[in-house]
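**Student:** Below: one structure in C-alpha cells.
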Amino acid sequence: MEEMNVMAFTEFGPPDVLRPMKREVPKPQEGELLVKVKCASFNPSDALVRKGAFRKIISLDPLHVPGVDFSGLIVAKGPHAERFQIDDRVYGYLDIRRNGSYEEYVTLLEEDACKIPRGLTFEEAASIPLSYLTAYEALMKNGTLKQGQSMLIYGATGGVGLASIALAKTMEAKIYAVAGTESLSLLKGKDLLKIMDYKKENILEEMPTKVDVLLNLAPLKKEDMVPLLSLLQDQGTFVSTTGVPDLPEGSGITLLSVQTKRNKEHLAQITKLLEENKITSLRTSTWPITDAPLVHRLHEVGKLLGKAVFQVEF
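Mapping of the sequence shown onto this note's numbering: position 58 corresponds to residue 48, and the numbering continues sequentially without gaps.
So this is what it looks like as C-alpha cells:
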C-alpha cells in the first residue's frame, strides 16, 4: 500500500505530541474525493482535538491527524462522485472525527468541497472554510444581522472575527471591535467605527452606543459575559461561540450559541461572495506543516495572531 507523510499524534497532550509520521494513503469510497492537500490552516479546534477535548469521538488507533480546513487538487474519485473532475482545485471543511488535513492526501464527501474561486491561491483558500462557516452560522443563517444594523465583535482578530467583519460589511453593518493590544494592527484599514483594546480600556465605558448584535468570540466565563449584555439594545441579540450567559429576568435579549457546522449551502454562498470580491481571504501568516507544534504552542500562550496557514509539504 502507498504511504504518505502526516503530522499526527498517538496520545492526547501538549503541542509536542504532534510529530511527523506515516500512514496509508486513503481510498475514496462511494461519493468521495481523494485530494492532494496543498494547504491546511490552523484553527483553535485543532488544539482542542490534540488535547483530548473530543476524545469521545476521536480514535487514536493507530494515530490521529488534526486539521479541518484544506485546499488542494482532486487526484481520484470514488463511485458516483460526479460533481468534479480530476485536477479540479477544491477547498472545504472536513469532518472533525476523521483524519484531517495535516497530511498529504485526504478523502471527503464531494458535497463538502467547493471549487476554489479563480484568482485565489491554495494558501488563501485554506484560510476560509471553518472561519467563514462559523461567521455565516452566527450572523447570516437566521437573519441574525440585518442590513444596516450595528454590531460589536468581541475577539475580532482571530479567523472567525476577521470573517465576521467581512460578512458584516456585505450587510453594510456599523461595526465596533474589541481585541488585545498585540493584534490591533490586524484591524487597521477595516473601516470600523471604533476599535477597543480590552487590555487597556473599559469596554463598557468606551462603547459610544448600544448595538443590535453582540458577537462574542472570546473564551469568557459566563459571569464575565453578563456585563456585556448592557451594550445591547432592548431587543438585541447576543451571539457566542463560547457559550452564553444567563439572562436577567424580564430581558428581551435573544441568546444564540453557535458551533461550526459542515454545510454545503453555506460554503457555496461563501464561495459566491468570494467570486464577487465581496469578501476576501483571511490568511495572515504562512508556515510549513512541520512547524505545526510551534504554531500550536504559540496559540496556547496567546501569541498566534490572525489566521495561520500551513503549506503541506514534507
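Just so it is clear, CB atoms sit at the ideal spot from N, CA and C, and this is done for glycine as well. Since this is a predicted model, take the numbers as computed values, not measurements.
To which residues of the same chain is Val150 closer than 6 Å at the C-beta, ignoring the five residues directly before and after it?
**Tutor:** Closer than 6 Å at Cβ, skipping near neighbours: Ser121, Thr124, Ala125 and Leu207.
**Student:** Between which two residues does the alpha helix (DSSP H) harbouring Glu114 extend?
**Tutor:** First-last of the alpha helix (DSSP H) with Glu114: Phe112 to Ala116.
**Student:** How about Tyr95 and Val203: are their beta carbons less than 8 Å apart?
**Tutor:** Not closer than 8 Å, so no.
**Student:** Go through its chain and collect everything with a Cβ distance to Pro69's Cβ below 6 Å, but skip five positions before and after it.
**Tutor:** Result list for Pro69: Glu20, in chain order.
**Student:** Should the segment 55 to 70 be called in touch with the segment 35 to 42, which here means at least 3 C-beta pairs below 8 Å?
**Tutor:** Cβ pair count under 8 Å is three or more, so yes.
**Student:** Would you call the CB atoms of Ala156 and Leu129 closer than 8 Å?
**Tutor:** Not closer than 8 Å, so no.
**Student:** Could you tell me the distance, in whole angstroms, from the CA atom of Leu98 to the CA atom of Met186?
**Tutor:** Near 41 Å, if we compare the C-alpha coordinates of Met186 and Leu98.
**Student:** With DSSP run on the structure shown, which of helix, strand or coil describes Ala146?
**Tutor:** Three-state DSSP puts Ala146 in coil, outside helix and strand.
**Student:** Over what stretch of residues does the alpha helix (DSSP H) that includes Ser35 continue unbroken?
**Tutor:** Segment Pro34 to Lys41, the alpha helix (DSSP H) holding Ser35.
**Student:** Check Arg88 in the structure and name its three-state DSSP category.
**Tutor:** In this structure, Arg88 counts as coil in the three-state DSSP scheme.
**Student:** Just the C-alpha distance for Leu194 and Ser220, rounded to the nearest angstrom, thanks.
**Tutor:** Looking at the two C-alpha atoms, the distance is approximately 8 Å.
**Student:** Does the separation of the CB atoms of Val291 and Thr276 fall below 8 Å?
**Tutor:** Not closer than 8 Å, so no.
**Student:** Let me know the secondary structure DSSP gives Glu213 once reduced to three states.
**Tutor:** Helix at Glu213.
**Student:** Whole angstroms are fine: how far does the CA of Ala169 sit from the CA of Leu182?
**Tutor:** Cα to Cα, the separation comes out at about 13 Å.
**Student:** Would you mind sorting Lys28 into buried or exposed? The rule is 16 or more other CB atoms within 10 Å of its CB.
**Tutor:** The residue is buried, with at least 16 neighbouring Cβ atoms inside 10 Å.
**Student:** Give the C-beta separation of Leu210 and Ser154 to the nearest angstrom, bearing in mind that I take them to be a contact with Cβ-Cβ under 8 Å.
**Tutor:** Going by Cβ atoms, the distance from Leu210 to Ser154 rounds to 16 Å, so no, they are not a contact pair.
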